[in-house]
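> Input: one structure, supplied below.
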């Protein structure tokens with residue numbers, strides 16, 4: 001299995017509130033965690049780094065090797081981190097801090113993921129890009145309710161308002177999903193700084209191009225920056241090879 005991680009401040013922001021990392025537990029199971037922080041001053045930076053680092057530290061100390069164990073781990077540790085960041089955010093210096101979260105574990109030939117916010121996880125298989133997650137955002141809720149068209153949603157002035165985040169007072173309700181993996185699949189995790197700038201078809205074309213995985217991550221970020229780079233841009237690519245499913 002190949003994994004490439006890359007983050008960039010973008011063209012308009014002065015600091016990077018995204019954070020991403022990969023962790024391997026004692027059973028040799030990999031988890032990739034990506035977070036896009038929010039909040040004034042440095043609060044967003046701290047929230048995203050805390051979420052990724054805390055959850056990663058908890059993961060590496062486990063012997064988890066089954067899907068059901070990961071589900072239970074998500075249920076306990078994500079809410080624990082939610083409350084920790086919420087309490088941290090009661091300090092005036094970090095008021096309003098929070099973060100999106102994408103956590104994806106590879107267990108044998110399956111991927112299981114937890115999703116909160118409007119960062120995304122997608123699957124590229126064959127000729128198709130499939131978005132596995134559904135944005136926890138005001139605009140997506142209006143879109144699902146039929147109150148907006150897709151075209152209206154793309155230019156809605158409140159499209160960055162999210163309806164769930166790590167760091168909220170109420171208990172979070174992550175979307176947890178699973179997908180069986182085939183040889184040649186790509187999993188694409190990204191902050192909205194990528195998906196707001198380039199299309200799914202552009203993501204597909206870059207990820208399936210004949211360059212290295214690291215170069216694909218770099219090219220995705222370069223395309224987003226060339227399109228305006230209005231936000232921080234973070235990408236995690238996972239490529240399933242024949243050896244992984246042998």
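In UniProt numbering, the protein residues as written are 1 to 246. Just so you know, even glycine gets a beta-carbon here, dropped at the ideal spot from N, CA and C.
In chain order, which continuous runs of the beta strand (DSSP E) of length 3 or greater are located wholly inside the segment 69-122?
The segment 69-122 contains these whole beta strand (DSSP E) runs: 101-107 and 110-116.
> For a test of the three-state rule: what should DSSP assign to residue 1, helix, strand or coil?
Three-state DSSP puts residue 1 in coil, outside helix and strand.
> If you run the structure through DSSP and keep just helix, strand and coil, what is residue 199?
Here residue 199 sits in coil by DSSP.
> Suppose only complete runs of 4+ residues qualify. What are the alpha helix (DSSP H) ranges in the segment 177-243, listed by chain order?
Here the runs fully enclosed are 192-195, 200-207 and 213-226.
> If we count Cβ pairs, one from each stretch, closer than 8 Å, do we get three or more for the segment 86-93 versus the segment 110-120?
Judged by Cβ distances under 8 Å, the segment 86-93 makes no contact with the segment 110-120, as fewer than three pairs qualify.
> Shortest alpha-carbon distance to residue 83 belongs to which of 64, 172 and 115?
Nearest of 64, 172 and 115 to residue 83, Cα basis: 172.
> Excluding the 5 residues preceding and the 5 following residue 77 in the sequence, name in chain order all residues of the same chain whose CB lies nearer than 7 Å to its CB.
Result list for residue 77: 55 and 58, in chain order.
> On the DSSP bridge list, what partners appear for residue 133?
According to DSSP, residue 133 bridges with nothing at all.
> Using only alpha-carbon positions, find the residue among 234, 238 and 243 that is nearest to residue 18.
Looking at the Cα atoms, 234 is the closest of the given residues.
> At 3 residues or longer, and completely inside the segment 8-69: list those beta strand (DSSP E) runs for me, N to C.
Listed in chain order, the complete beta strand (DSSP E) runs (minimum 3 residues) inside the segment 8-69 are 18-24 and 30-38.
> What does the alpha-carbon distance come out to for the pair residue 98 and residue 106?
Distance between the alpha carbons of residue 98 and residue 106: 26 Å.
> For residue 12, which residues of its own chain have a beta-carbon under 8 Å away from its beta-carbon, when the five flanking residues on both sides are left out?
The answer, listed in chain order, is 228, 229, 230 and 231.
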